[in-house]
Structure formats: structure tokens, C-alpha cells
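A short write-up of the structure that comes next.
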DNA sequence: AAGTGGTCTAGACCACTCG
DNA sequence: GAGTGGTCTAGACCACTTG
């Protein structure tokens, strides 16, 4: 159903897993339009036979496409290309820099302050700090194509990022610095967003009118183990920032589809 | 590491898959606190040996826990209980009724209007309607514990829900009706949220002050195939509604963790 | 009846981590 | 070197869908 000549393209010596090579081949066909929404992707048996892999390997490739949302399986019928718009444009746990670049604009920032201190209870408890433990506080006005869109205040445990104030160039991406210097990789972000109004100080910094609509965020980011590694409070102009989410529905408690 | 006596609890005659039974056992231990955050969950080999299942089955059980976010695996080290707060309280693609109940409150609604008509281009194109195709429009004030919190306007293709106006009791859950009468199961919702202000009409309906902060939503819901089955525009009081999200970070294009 | 995905088995080799 | 998770094989039985 779509892998007649693909035999040649599997590299069995490669360190890249076979199921991942197959996934990429099929993903390419879907993204290029060679396989259209609603059409069947190759079946597990077809892939196994044509590419000379075991059925479990073919299955793993198809399963990964379903997990990504670009395909879906129906028992007894087959696996089909999803009718959904591609996942482009939907929010993941991205930094401001990544998110802005992804939307085709140029990110920037103006540092308001950058220092270390012992934070209040809200910050300390969210980051699970020990008593008297210090954090860096980085306050920045964030810019999109040089226009101010929001004010971010990041709290970062000093313990996790020693000498961050020396190593980090505030004109660059914070996440990139945390990744490069400390091997920190964000896995997940919890976020609360509320509607509010700009106060006079915020309005001045954002070159907007006091009392204009605003989005207020409280975000906590975690690495894979679940350790909290960043706490951020921010305010964005309501007319220049919006939230674009894709929410999924977990059937019950599983994610593997028991019905 | 946590399944010494569990042998007895696997039912090999059951229609419930073995991996799912194992997942539930481990999930119970995690939720009950018998397995604490950071501790190793049983290894694949342990489960396979102790419960007399193949390693692939044990692996599938652990994988499903990782997909849910309650555990994580590190190559060469093991699989551990996540330090994250449980997923309770984070938004999925839920109906207003489900979401309100989940937070322990009582949902309600007051119907403003309910009729069918041929919609404008925005609604028609989002729902991929044919020319002149009709939709139901259901406008409701949504209540939490009898207090108005938002105004929702739902557009539903008549083609998908014939005679909905006869079958649906507007004092009940819309999603429940769509599920019961038409077998419709929401799989995913795309959502755009913006900050705004209540106009005088909205303020009157919500018993709030005109110009008060508000959250504006535009939501489109899809079934598994990716077919759009509902389009909703809504306005919520900023002081009684907030967005609670959990955003994940997709490594590259896969969801299976190739690094 | 033939094809599909869902589950399961009993092995295997590998790269990785840790003591 | 022992234990771990990541990948892979070559089978198997089942429930389900469709012609």
C-alpha cells in the first residue's frame, strides 16, 4: 500500500532502529501528500512482508505514527492517515525563543534584573527548595520582531545552575544555555493562565495602555524525573499573544487504548 | 521490587489483557504510596519472572506507565516512579460538564437559543461543510454551582446529529447525548484562547461588570479519524475561570524516544 | 474466508550503567 | 560482570471487519 520499492531504503547496519527508519519513510509519504488523509497506511503484515522485518517491528513503526497523531488504527480495518491538520503550530513545552522562531518571527529580550536571593514560600515550595536555598531571578521584557509582548520573571535554583550569572549571556536563549552548560532538558511544563489587566508599570514596559487586556501565566517546568527546574511568572499583552493548544482525551487511565 | 505476591492477582482467563492487569497493579502501588516517587518500579525482567509473563508483556505494562507520565525509564538504570504531581487537575479534552464535575463542583446551564441554519464561512470551513449544509447552533450560559461563569456557542453539523433538537435535553450534558445517541467520541480538541474584556451584553448575562477581564475561546473538536464534529466559541469570566495545562516536549518527530 | 489490528510468547543481541 | 532498558525475530491465537 505504499512501500513497494522501499526495500532498498532500510539500512540494517545503521544504528538507527528499523522501526524508526520505517516510521520516517511513512511519515515522509504522509507529509509529502503521497499518502492522503483517510487513505490506509500500509498494514502491519504488508510492511513485515515487503520490508522483511518482523510484524512486531512493523507494528512499532505504525504505533509511533498513531502516538504522533498523524495516523489512527481501527481494529479489523486497518491503519489510516489522519484527517487532522498537522501538529505544526500547536504548543509544546517550548521556550519563548523557540516558540517565536517556530512562528517565523525574531525573538529578543531586554533584561530588567538578574540576581540571586532566597525566595518567598510560593517559589520555594514549587521548586521544592531546602530552607534558605537561593535562586536566580531573571526578569526580562520579551520582544517579537523588536516589539514588546510580555514580561517574564524566571526563578532558577542556584544549586542546579552554579555560576549561571557568569556563564549565561542574557541576550541569548536561556533554555539553550541551561542545556549546553548544565545538560538540562525540559520534559514537561505545567501552566496556569488567567485573564487580567495591565497595571501602570507593566503597561509602561510593554508600551501599552494601562488597563488593557493581558494574559497572566504561572509556569513550572520539569525534567524527565519530575524534578522542578524552573518557575516562571509572566504577563503578556492580550493583543499580541494567544494560547494555541491541542488537548487530547485519555480514555480512562491507560494510554494504550483498552476499551 | 514490588510484585512478590502478585502472582495470584493475574487472571489469565480474563478478557482484560495481561499487560493492562500488570499496569493497574503497579498504578495502584504508585497511587497508594506503596511505591514512592524516585523509587524503582519493578524491572522488566523481575515482572516477567515473578508474574510468569514474557518480557515483552512486562515491557508493555511499563511503557504504558511511562506514556501516562507516572513513571520514566533510563537506559541501563531502570524504570522509576515520577516525582511529578499526578495528572489530576490537568486539562484534557473534556466537556464543561466533565471538567466542572472533575473539580468537585456542580455544572449547569441556561439555554439562550437552539436552532439550525446555514452558517457563515468561518464555521463552515472549520467543520468542512458542503455548500448550504446546515448546523445546529446551541447558545448557553454555563453555570458552576449556579453562578454564571461563561457563555458558550456550539455549532454542530446537522448531518452528524439528525434530530438532535428532539433527542437532546438541554439541561443535560451535550457530550453525553452525542455519545449516547450518535456514538460520537471526542478524541482531541484544538483550542485558541485570548484575553479580552466583557462587552455590555456578555456582562449582563454573566452578572459581571462591563469591561471586566475575560477569556475568549475558539475550540474545534475531532473524532479519532480527524473529522471535525464540533466548533465552539465561548467567553468566560476572567475571575472565575482559568486554564490549567500540562505541555509536553516532543523530542524531535517521534514519540518513542529516539535520541 | 481472508485480512486486519491486539495480544502474547520465548528466545536473542546490543548499549548502557554501576559497583 | 551483572543488571537494565532498547530493539528485533518468528512464530501464535484471538476478535473484529468486510466481502
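Chains as they are written, first to last, in my numbering: chain A, 1137 to 1395; chain B, 1137 to 1395.
C-beta: ideal position from N, C-alpha, C; glycine also.
Residue i burial status per 10 Å Cβ neighbour count (16 or more: buried)
i                      : result
residue 1253 (chain B) : exposed
residue 1326 (chain A) : buried
residue 1157 (chain A) : buried
residue 1460 (chain A) : Nothing in the structure corresponds to residue 1460 (chain A), since chain A is present only between 1137 and 1395.
residue 1149 (chain B) : exposed
residue 1276 (chain B) : buried
residue 1231 (chain B) : buried
residue 1255 (chain A) : buried
residue 1207 (chain B) : buried
residue 1240 (chain B) : exposed
residue 1170 (chain B) : exposed
residue 1390 (chain A) : Legend: pLDDT at residue 1390 (chain A) = 35, less than 50; position of this residue unreliable, value from coordinates given subsequently. So residue 1390 (chain A) counts as buried.
residue 1189 (chain A) : buried
residue 1382 (chain A) : buried
residue 1293 (chain B) : buried
residue 1365 (chain B) : buried
residue 1205 (chain A) : buried
residue 1395 (chain B) : Residue confidence for residue 1395 (chain B) is low, a pLDDT of 37 falling below 50, so the modelled location carries little weight and cannot support an answer.
residue 1308 (chain B) : exposed
residue 1213 (chain B) : exposed
residue 1199 (chain A) : buried
residue 1393 (chain B) : For residue 1393 (chain B), the predicted model reports a pLDDT of 39, less than 50, meaning its position is unreliable; a value from the coordinates is still stated below. Exposed, since its Cβ has fewer than 16 Cβ neighbours within 10 Å.
residue 1215 (chain B) : buried
Assigned secondary structure, residue i (DSSP; H/G/I helix, E/B strand, else coil)
i                      : result
residue 1308 (chain A) : coil
residue 1259 (chain B) : helix
residue 1266 (chain B) : coil
residue 1214 (chain B) : strand
residue 1393 (chain A) : For residue 1393 (chain A), the predicted model reports a pLDDT of 38, less than 50, meaning its position is unreliable; a value from the coordinates is still stated below. Correct three-state label for residue 1393 (chain A): coil.
residue 1246 (chain B) : strand
residue 1164 (chain B) : helix
residue 1182 (chain A) : helix
residue 1234 (chain B) : helix
residue 1171 (chain B) : coil
residue 1367 (chain B) : strand
residue 1158 (chain A) : helix
residue 1241 (chain B) : coil
residue 1316 (chain B) : helix
residue 1274 (chain A) : strand
residue 1380 (chain B) : strand
residue 1281 (chain A) : coil
residue 1342 (chain B) : helix
residue 1326 (chain A) : strand
residue 1207 (chain B) : strand
residue 1334 (chain A) : coil
residue 1350 (chain B) : strand
residue 1355 (chain B) : strand
residue 1386 (chain B) : coil
residue 1219 (chain B) : coil
residue 1191 (chain A) : helix
residue 1300 (chain A) : helix
Nearest-angstrom Cβ-Cβ length linking residue i and residue j, presumed shorter than 8 Å
i                      : j                      : result
residue 1346 (chain B) : residue 1374 (chain B) : 13 Å between Cβ atoms; not a contact.
residue 1162 (chain B) : residue 1201 (chain B) : 6 Å
residue 1242 (chain A) : residue 1281 (chain A) : 5 Å
residue 1244 (chain B) : residue 1279 (chain B) : 4 Å
Residue i and residue j closer than 8 Å at C-beta
i                      : j                      : result
residue 1263 (chain B) : residue 1291 (chain B) : yes
residue 1194 (chain A) : residue 1210 (chain A) : no
residue 1331 (chain A) : residue 1197 (chain B) : no
residue 1314 (chain B) : residue 1297 (chain B) : yes
residue 1344 (chain B) : residue 1333 (chain B) : no
residue 1217 (chain B) : residue 1166 (chain B) : yes
residue 1173 (chain B) : residue 1219 (chain B) : yes
Residue i Cβ short of 7 Å to the ligand ADP heavy atom set
i                      : result
residue 1187 (chain A) : Ligands in the displayed structure: none, and consequently the ligand ADP is not present.
- So does the stretch 1369–1384 of chain B actually touch the stretch 1285–1299 of chain B, counting three or more Cβ pairs closer than 8 Å? yes
- Per the contact definition of three or more C-beta pairs closer than 8 Å, is the stretch 1349–1357 of chain B in contact with the stretch 1265–1274 of chain B? no
- Below 8 Å, can you find three or more Cβ-Cβ pairs linking the stretch 1320–1336 of chain B to the stretch 1242–1253 of chain B? no
- Touching by the beta-carbon criterion (3+ pairs, under 8 Å), the stretch 1309–1325 of chain A and the stretch 1289–1302 of chain B: no
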